[in-house]
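2 protein chains.
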Amino acid sequence: MEVAVELVLFTVRDDRLQVLLTPRPERPALPGGLVGPQEAVEEAARRVLREQTGFGDAYIEQLYTFGDPGRDPARRTISVAYFALLRSDSAGLPSGATWRFVKSLPSLPFDHDAIIRTALARLRAKLSYSTVGFQLLPAAFTLTELQRLYEVILARRIDKRNFRKKLLTMGLLKPVPGRRASGPHRPAQLYAFRTRRLRFLDGQLV
Amino acid sequence: MEVAVELVLFTVRDDRLQVLLTPRPERPALPGGLVGPQEAVEEAARRVLREQTGFGDAYIEQLYTFGDPGRDPARRTISVAYFALLRSDSAGLPSGATWRFVKSLPSLPFDHDAIIRTALARLRAKLSYSTVGFQLLPAAFTLTELQRLYEVILARRIDKRNFRKKLLTMGLLKPVPGRRASGPHRPAQLYAFRTRRLRFLDGQLV
DNA sequence: TCAAAAGTGTTAAACGTACACCCATGA
DNA sequence: TCATGGGTGTACGTTTAACACTTTTGA
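Right, here's the structure in full:
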């Protein structure tokens, strides 16, 4: 029996949640590949990330294992899906791979539609009770940028004052020197996360 | 490469959280087995439940996939762990299998210690925001029995009045005819879950 | 009659949510 | 000077958490 990994790599650019697809003979699909005989499953996921997306330092976490016979008509494959988040300031795109808006995805081969739905549900749920969303932002960012990130992923508006109050009270952020000027208005203070590592929150963030 | 399933089957009896171990040549371990060539992974988990535990109607859900090379020194196996809950009134125990207190487990082979830790964390987390704990009780039960269940799993005391208020307000339970007399004191009203199916709750239950 | 668990409300604090205006800037 | 997003506080309703006594029963 073959064991594969699939990668659902999300990023937020231009105020849209996007997912990376790689070219396949038939039609684009999620990046993926077989797990090597001496390779840990998570290692394989990181290798696929490196080789097929060209991005090295994404956040990665195991999502779910899809193992119905018939999910790949050609051969029996069990696939461990991983969920990955890429900082919006990551540069480059490997040849052939494309970012697609999650809102307007084409129909994907195998069970990749279901995998993406599962990943999106995980991302949305985890935004509320953990700092996982922080993985999508660069080292310094404005509070509005952070709020837009949440709004884009959750597909709903968030109150600016309540959002800021919550984040600052929780002590997740620290102001860093510098401001971002982006048009004919007051420049915004830059902030950074107090720690880059994933934290689970006491209450609900959003 | 071989793909296996492992089963972490919990039950609560005698006010203790217990997990089922099956005999192995070396020492007891989690029930498990290989996934057949034409078998869905979840099907394999249900088959292991049937064949190795003798219990047919447990709640089952995928937990995590453990795939480090070296987790089984004998051969390369990737294992999809499942988490299962058995009603405390289920009768019978298959030959050789034993219930062990989760609090005082012996050291287990392979990475089974880690699998049980992961399962316990999932169970505790899910108790708070879903009705998954209901799978551990028979069709009719008293409010005290339900509360004891939560206390045993979470390993902490819960306020009786607040617990009852929350459950009744949420409309998860309905009283059913009958009372349970269990000693020299007032008998307790019996209740049942309004629906057996898993529900995710708006707020926190405990 | 006694011991034991069943059953039942109130209060204070914390939290969530809704809401509107002035500020600083570049064009 | 004007258009734009940055930045800030309050008040109300809901939820959580702490807390103690009476009731019913079997022994």
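In the order they appear, the protein sequences are chains A and B. Here the first sequence is numbered in this note's numbering, starting from 8 and rising by one per residue. Here the second sequence is numbered in this note's numbering, starting from 8 and rising by one per residue. The beta-carbon is built from N, C-alpha and C at its ideal position, and this holds for glycine as well.
- The beta strand (DSSP E) with Gln211 of chain B in it runs from where to where? Within the second sequence, residue 211 of chain B is the residue found at index 204, counting from 1. That residue, Gln211 of chain B, is in no beta strand (DSSP E); it is neither H nor E in DSSP.
- Residue(s) in a DSSP beta bridge with Phe148 of chain B: Counted from its first residue, the second sequence places residue 148 of chain B at position 141. DSSP, once it has assigned bridges, lists B:Tyr198 as partnering Phe148 of chain B.
- Out of B:Pro113, B:His119 and B:Leu212, point me to the one whose CA is closest to Val87 of chain B's CA. Sequence index remark: in the second sequence, residue 87 of chain B carries index 80 (1-based). Minimum Cα distance to Val87 of chain B is reached at B:His119.
- Message: Rounding to the nearest angstrom, what Cα-Cα distance links Arg54 of chain B and Leu134 of chain B in this structure?
- Response: The count along the second sequence starts at 1 and reaches residue 54 of chain B at position 47. The count along the second sequence starts at 1 and reaches residue 134 of chain B at position 127. Taking the straight line joining both Cα atoms gives about 26 Å.
- Item | Residue from A:Gly74, A:Leu93 and A:Gln211 with nearest C-alpha to Thr84 of chain A | As a first step, residue 84 of chain A is located in the first sequence; it is residue number 77 there, counting from the start. Minimum Cα distance to Thr84 of chain A is reached at A:Gly74.
- Query: Which chain A residues are close to Pro42 of chain B, counting only those with a beta carbon under 8 Å from its beta carbon?
  - Reply: Taking the second sequence and counting its residues from 1, the one referred to as residue 42 of chain B is at position 35. A quick correction: the sequence has Val, not Pro, at residue 42 of chain B. What Val42 of chain B touches in chain A: Met8, Gly74 and Ile85.
- Query: When every heavy atom of the ligand SAM is checked, does at least one fall within less than 6 Å of the C-beta of Asp120 of chain A?
  - Reply: No copy of the ligand SAM appears in this structure; indeed no ligand is present at all.
- Item | DSSP state of Gly43 of chain A mapped onto helix, strand, coil | Within the first sequence, residue 43 of chain A is the residue found at index 36, counting from 1. In the structure shown, Gly43 of chain A sits in coil (DSSP, three-state: anything other than H, G, I, E or B).
- Query: Is it true that the CB of Val15 of chain A sits closer than 7 Å to the CB of Ile160 of chain A?
  - Reply: Indexing the first sequence from 1 puts residue 160 of chain A at position 153. Indexing the first sequence from 1 puts residue 15 of chain A at position 8. No, the Cβ-Cβ distance between Ile160 of chain A and Val15 of chain A is not below 7 Å.
- Item | Terminal residues of the alpha helix (DSSP H) in which Arg171 of chain B lies | Here residue 171 of chain B refers to the residue found at position 164 when the second sequence is read from its first residue. Here the alpha helix (DSSP H) through Arg171 of chain B covers Lys167 to Met177.
- Query: To the nearest angstrom, how far is it from the Cα of Pro44 of chain B to the Cα of Glu33 of chain A?
  - Reply: One-based indexing of the second sequence puts residue 44 of chain B at position 37. One-based indexing of the first sequence puts residue 33 of chain A at position 26. Rounded to the nearest angstrom, the two C-alpha atoms are 26 Å apart.
- What is the DSSP secondary structure of Ser97 of chain B, reduced to helix, strand or coil? For this step, residue 97 of chain B is matched to residue 90 along the second sequence. Here Ser97 of chain B sits in coil by DSSP.
- Message: Can you tell me where the beta strand (DSSP E) holding Ala91 of chain A begins and where it ends?
- Response: Along the first sequence, read from residue 1 onward, the residue named residue 91 of chain A stands at position 84. Thr84 to Leu92 is the extent of the beta strand (DSSP E) around Ala91 of chain A.
- Query: Does any CB atom of chain B fall closer than 7 Å to the CB of Ala81 of chain A?
  - Reply: Residue numbering aside, residue 81 of chain A sits at position 74 when the first sequence is read from its first letter. No, because no Cβ of chain B sits closer than 7 Å to the Cβ of Ala81 of chain A.
- Hey, is the stretch 171-187 of chain B in contact with the stretch 144-163 of chain B, meaning 3+ C-beta pairs nearer than 8 Å? yes
- So, is the C-beta of Val48 of chain A closer than 7 Å to a C-beta in chain B? Reading the first sequence from its first residue, position 41 is the one you call residue 48 of chain A. Closer than 7 Å: yes.
- Would you kindly work out how many angstroms separate the C-alpha atoms of Leu27 of chain B and Ala104 of chain B, rounded to a whole number? Here residue 27 of chain B is taken as the residue at index 20 of the second sequence, counted from 1. Here residue 104 of chain B is taken as the residue at index 97 of the second sequence, counted from 1. Leu27 of chain B and Ala104 of chain B: Cα-Cα distance of roughly 7 Å.
- Range covered by the alpha helix (DSSP H) that runs through Lys133 of chain A: What you label residue 133 of chain A is simply residue 126 of the first sequence in a count that begins at 1. First-last of the alpha helix (DSSP H) with Lys133 of chain A: His119 to Tyr136.
- What are the partner residues of Phe108 of chain B, as DSSP defines its beta bridges? Against the second sequence, residue 108 of chain B aligns to sequence position 101. Phe108 of chain B pairs with B:Gln25.
- Do we get a CB-CB distance below 7 Å when we pair Gln45 of chain A with the residues of chain B? Your numbering for residue 45 of chain A matches position 38 in the first sequence. Chain B contact via Cβ: present.
- Item | Expected contact under 8 Å - CB spacing of Arg201 of chain B and Ala195 of chain B to nearest Å | Walking along the second sequence from the start, residue 201 of chain B turns up at place 194. Walking along the second sequence from the start, residue 195 of chain B turns up at place 188. Incorrect: roughly 19 Å between the Cβ atoms, too far for contact.
- Message: Just to confirm my understanding: we take Gln25 of chain A, look at its own chain, exclude 5 residues before and 5 after, and list those with CB closer than 8 Å. What are they?
- Response: For the purposes of this step, residue 25 of chain A is taken as the residue at position 18 of the first sequence. Closer than 8 Å at the Cβ level, and outside the excluded window around Gln25 of chain A, lie Phe17, Thr18, Val19, Trp106, Arg107, Phe108 and Val109.
- Query: Span of the beta strand (DSSP E) holding Ala65 of chain B?
  - Reply: Counted from its first residue, the second sequence places residue 65 of chain B at position 58. Here Ala65 of chain B belongs to no beta strand (DSSP E), and DSSP marks it neither H nor E.
- Task: Say whether the stretch 136-143 of chain A touches the stretch 164-175 of chain A, bearing in mind that this needs 3 or more beta-carbon pairs closer than 8 Å, one atom from each stretch.
- Result: no
- Task: State the CB to CB distance for the pair Pro145 of chain B and Asp96 of chain B, rounded to an integer number of angstroms; the pair is presumed to be in contact (CB under 8 Å).
- Result: Within the second sequence, residue 145 of chain B is the residue found at index 138, counting from 1. Within the second sequence, residue 96 of chain B is the residue found at index 89, counting from 1. At roughly 4 Å, the Cβ-Cβ gap stays under 8 Å, so Pro145 of chain B and Asp96 of chain B are in contact.
- Query: Residues in its own chain within less than 8 Å of Pro116 of chain A by CB, not counting five upstream and five downstream?
  - Reply: By one-based count along the first sequence, residue 116 of chain A stands at place 109. Once the five neighbours on either side are set aside, the close Cβ partners of Pro116 of chain A are Arg31, Glu33, Arg34 and Ala36.
- Residue span of the beta strand (DSSP E) that contains Glu33 of chain B, given as start and end: Position 26 of the second sequence, counted from the start, is the residue given in the question as residue 33 of chain B. That residue, Glu33 of chain B, is in no beta strand (DSSP E); it is neither H nor E in DSSP.
- Assigned secondary structure, Arg187 of chain B (DSSP; H/G/I helix, E/B strand, else coil): The residue given as residue 187 of chain B occupies position 180 in the second sequence. It is a strand residue.
- Query: Using DSSP with H/G/I as helix, E/B as strand and the rest coil, what is Ala52 of chain B?
  - Reply: Along the second sequence, read from residue 1 onward, the residue named residue 52 of chain B stands at position 45. Ala52 of chain B falls in the helix class under three-state DSSP.
- Taking only the alpha-carbon atoms, compute the straight-line gap between Val213 of chain B and Tyr136 of chain A and give it to the nearest angstrom. Looking up residue 213 of chain B in the second sequence gives position 206. Looking up residue 136 of chain A in the first sequence gives position 129. Roughly 16 Å between the two C-alpha positions.
- Item | Start and end residues, beta strand (DSSP E) containing Arg20 of chain A | Counted from its first residue, the first sequence places residue 20 of chain A at position 13. Arg20 of chain A -> beta strand (DSSP E) spans Glu9 to Arg20.
- Item | Proximity of Gly61 of chain B and Pro113 of chain B at Cβ, strictly below 7 Å | Reading the second sequence from its first residue, position 54 is the one you call residue 61 of chain B. Reading the second sequence from its first residue, position 106 is the one you call residue 113 of chain B. In this structure, Pro113 of chain B does not lie closer than 7 Å to Gly61 of chain B by Cβ.
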